[in-house]
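Chemist: Below is one structure. I have some questions about it.
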Amino acid sequence: MDALDRASRTGPADLHANALVWDNHGCLPMEAPDRWLDDLDRYRRAGVDVAGVNIGDSHVPLEELIHNVARLRAHVKQHPDRYVLVGTAAAILEAKAAGKLAIFFDVEGAFSIGDNLSLIELYYELGVRWMAMVYNIANNVGSGCHDAVDGGLTPFGRRVVEEMDRVGMLKCCTHTGYRTAMDVMNNTDKPVVFSHSNPRALRDHPRNIPDELVDACARIGGVVCINGIGIFLGANDASVKTFVDHIDHVVQRVGAAHVGVGLDYVFDQEGLGGIIAQSAALWPPEGGYQQDIAFMAPERLPEVTEELLRRGYAEDDVRGVLGGNLWRVARQVWV
Ligand SMILES: [Zn+2]
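Spelled out as structure tokens, the structure:
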């Protein structure tokens, strides 16, 4: 390595390389497993250390979800030089030290568990480490962010919260209605995440969360992970500047210890329109879903680090936002 190389590796790039970089939510093309090797490896090549990979959302039934997780587990195990399935905070540090992408799974909404609480522990054993309570519209647990009326957490939903806490499954309130999310946070003593939600103060969209939810999440030690989808950031604006504006709003409101990253990157963007067209209830036209949606790709995360430093963020705060804060919550909640 000559002097020029060394110089180019100091500063923001060095901080980013050494930090734990955690993208809390991404979506692979489930119908095209032959693409996974390239798609998952994009995270690794982009310097991401931990990736939460979705195995089902909205109304994906249990059987389909099991097929998805089985294929992904097999894929990860077939490429042990690149990937490792992690279930503990300690295993994440081991994966980073070994230069492997740490992978866990997530489920968006409790739809697929129906009324069977014991599935939560099965999901956990399969590698799921967070589950959103509700996806956009009501299920057995409560109401979604696109429901006209939010009835709050149901009696069954309270049992789901208890069981998730017992099992060590992190509770996520993204996609969940305001009152239901508040009820979840008032019925637990463990931190909760908004795994991929932006502040509504900067972009008035039903998928975004009012400051009161940001405050409640921080109060119980949780983390709000900023989403990289253009329609939730601004007028279909997935720029680094706007993404960092959203980080900064939450930091100014509740402190840098309560912010993370959940890009919600969709690898098969061509297929997305067809999925959204299937349900106007899940993705209402007034939400702006029916357009060529802009995404912030994981490859742009080093620019987020640069922008945070440029705005005067302390290095420790940048490390927290990039992944240290989510790691703290994982260490507290995952058992
Ligand atoms: Zn989502």
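With numbering that gives the first Met the number 0 as the guide, the letters of the sequence shown map in order to residues 0 to 334. Backbone N, C-alpha and C define an ideal beta-carbon position, used for all residues, glycine too.
Can you tell me where the alpha helix (DSSP H) holding residue 103 begins and where it ends?
Modeler: Mapped onto the sequence shown, residue 103 falls at position 104. Run containing residue 103: none in the alpha helix (DSSP H); it sits in the beta strand (DSSP E), 100-107.
Chemist: Taking DSSP as the reference, what is the three-state secondary structure of residue 252?
Modeler: In the sequence shown, counting from the first residue as 1, residue 252 sits at position 253. Residue 252: helix per DSSP, three-state reduction.
Chemist: Where does residue 7 sit, in a helix, a strand or coil, going by DSSP?
Modeler: Translated into positions along the sequence shown, residue 7 becomes position 8. Any reading at residue 7 must be qualified, since the residue scores a pLDDT of 46, below 50, and its modelled position is unreliable; the value itself is stated next. Residue 7 falls in the helix class under three-state DSSP.
Chemist: Let me check one thing: in DSSP terms, what residues is residue 224 bridge-paired to?
Modeler: For the purposes of this step, residue 224 is taken as the residue at position 225 of the sequence shown. Paired residues: 259.
Chemist: Would you report the Cα separation of residue 82 and residue 231, rounded to the nearest angstrom?
Modeler: Indexing the sequence shown from 1 puts residue 82 at position 83. Indexing the sequence shown from 1 puts residue 231 at position 232. Roughly 30 Å separates the two Cα atoms.
Chemist: State the Cα-Cα distance for the pair residue 69 and residue 23, rounded to the nearest angstrom.
Modeler: The residue given as residue 69 occupies position 70 in the sequence shown. The residue given as residue 23 occupies position 24 in the sequence shown. Here the alpha carbons of residue 23 and residue 69 stand approximately 20 Å from one another.
Chemist: Under 8 Å from any heavy atom of ligand 1, does the C-beta of residue 288 make it?
Modeler: Here residue 288 is taken as the residue at index 289 of the sequence shown, counted from 1. No.
Chemist: Could you check where the beta strand (DSSP E) with residue 312 kicks off and where it finishes?
Modeler: If you number the sequence shown from 1, residue 312 lands on position 313. Looking at the DSSP string, residue 312 is not in any beta strand (DSSP E), and its letter there is neither H nor E.
Chemist: Only counting the same chain, and skipping five residues up and downstream in sequence, which positions put a Cβ closer than 8 Å to that of residue 258?
Modeler: Translated into the one-based positions of the sequence shown, residue 258 becomes position 259. 222, 223, 224, 225, 246, 249, 250, 319, 320, 324, listed in sequence order.
Chemist: Tell whether a beta-carbon distance below 9 Å holds between residue 308 and residue 14.
Modeler: Counting from 1 along the sequence shown, the entry for residue 308 is found at position 309. Counting from 1 along the sequence shown, the entry for residue 14 is found at position 15. For residue 308 and residue 14, yes; Cβs fall inside 9 Å.
Chemist: Tell me whether residue 107, by its Cβ, gets closer than 8 Å to a heavy atom of ligand 1.
Modeler: If you number the sequence shown from 1, residue 107 lands on position 108. Residue 107: yes, Cβ under 8 Å from ligand 1.
Chemist: Tell me whether residue 99 is buried or exposed, calling it buried when 16 or more other Cβ atoms sit within 10 Å of its Cβ.
Modeler: Taking the sequence shown and counting its residues from 1, the one referred to as residue 99 is at position 100. Counting Cβ neighbours within 10 Å, residue 99 comes out buried, since at least 16 surround it.
Chemist: Could you give the DSSP three-state label for residue 2: helix, strand or coil?
Modeler: Working through the sequence shown from its first residue, we reach residue 2 at position 3. Below a pLDDT of 50, predicted positions are generally treated as unreliable, and residue 2, at 47, falls in that range; the measurement from the model is reported next regardless. If DSSP states are grouped into helix, strand and coil, residue 2 belongs with the helices.
Chemist: Give the straight-line distance between the Cα atoms of residue 97 and residue 43, rounded to the nearest whole angstrom.
Modeler: Position 98 of the sequence shown, counted from the first residue, corresponds to residue 97. Position 44 of the sequence shown, counted from the first residue, corresponds to residue 43. Roughly 12 Å between the two C-alpha positions.
Chemist: Cβ-heavy atom distance between residue 173 and ligand 2 below 8 Å?
Modeler: Ligands displayed in this structure: ligand 1; ligand 2 is not among them.
Chemist: So, is residue 207 buried or exposed, given that buried needs 16 or more other C-beta atoms within 10 angstroms?
Modeler: Indexing the sequence shown from 1 puts residue 207 at position 208. With 16 or more Cβ atoms within 10 Å of its Cβ, residue 207 is classed as buried.
Chemist: Could you check where the beta strand (DSSP E) with residue 23 kicks off and where it finishes?
Modeler: Translated into the one-based positions of the sequence shown, residue 23 becomes position 24. That run of the beta strand (DSSP E) goes 21-26.
Chemist: Let's test the definition: count the other Cβ atoms within 10 Å of the Cβ of residue 0 and tell me whether it reaches 16, buried, or not, exposed.
Modeler: Within the sequence shown, residue 0 is the residue found at index 1, counting from 1. Unreliable placement is indicated for residue 0, whose pLDDT of 45 sits below 50; the coordinate value is still reported in the next sentence. Flag for residue 0 reads exposed.
Chemist: Could you work out which residue in 158, 153, 141 is closest to residue 173 when comparing CA atoms only?
Modeler: As a working note, residue 173 is residue 174 in the sequence shown. Comparing Cα positions, the closest option is 141.
Chemist: Is the closest heavy atom of ligand 1 to the C-beta of residue 280 under 8 Å?
Modeler: If you number the sequence shown from 1, residue 280 lands on position 281. Because no heavy atom of ligand 1 lies under 8 Å away, the Cβ of residue 280 does not count as near it: no.
Chemist: Within the present structure, is the beta-carbon of residue 145 separated from the nearest heavy atom of ligand 1 by less than 8 Å?
Modeler: Indexing the sequence shown from 1 puts residue 145 at position 146. No, since every heavy atom of ligand 1 falls outside the 8 Å radius drawn around the Cβ of residue 145.
Chemist: Let me make sure I understand the geometry here. Which of 37, 303, 169, 198 has the alpha-carbon closest to that of residue 191?
Modeler: Counting from one through the sequence shown, the residue named residue 191 turns up at place 192. The candidate whose alpha carbon is nearest that of residue 191 is 169.
Chemist: Can you tell me which of the three DSSP states residue 218 falls into?
Modeler: Locating residue 218 in the sequence shown gives position 219, counting from the first residue. In this structure, DSSP gives residue 218 a helical state, which the three-state scheme calls helix.
Chemist: Would you report the Cα separation of residue 276 and residue 315, rounded to the nearest angstrom?
Modeler: Numbered from 1 along the sequence shown, position 277 holds the residue referred to as residue 276. Numbered from 1 along the sequence shown, position 316 holds the residue referred to as residue 315. So the two alpha carbons sit approximately 43 Å from each other.
Chemist: Three-state secondary structure (DSSP) at residue 170?
Modeler: Your numbering for residue 170 matches position 171 in the sequence shown. Here residue 170 sits in strand by DSSP.
Chemist: Considering only residues of the region 38-78, which uninterrupted alpha helix (DSSP H) runs meet the minimum length of 4 residues and lie entirely inside it, listed in chain order?
Modeler: 61-77
Chemist: Measuring alpha carbon to alpha carbon, tell me which residue in 53, 160, 327, 299 is nearest residue 126.
Modeler: Start at 1 with the first residue of the sequence shown, and residue 126 comes out as number 127. For residue 126, the nearest C-alpha among the options comes from 53.
Chemist: Taking only heavy atoms of ligand 1 into account, decide whether any of them is closer than 8 Å to the Cβ of residue 293.
Modeler: Counting from one through the sequence shown, the residue named residue 293 turns up at place 294. Residue 293 Cβ: outside cutoff for every heavy atom of ligand 1.
Chemist: Any chance the CB of residue 58 is under 8 Å from a heavy atom of ligand 1?
Modeler: In the sequence shown, counting from the first residue as 1, residue 58 sits at position 59. No; taking the cut-off as 8 Å, the Cβ of residue 58 has no heavy atom of ligand 1 nearer than that.
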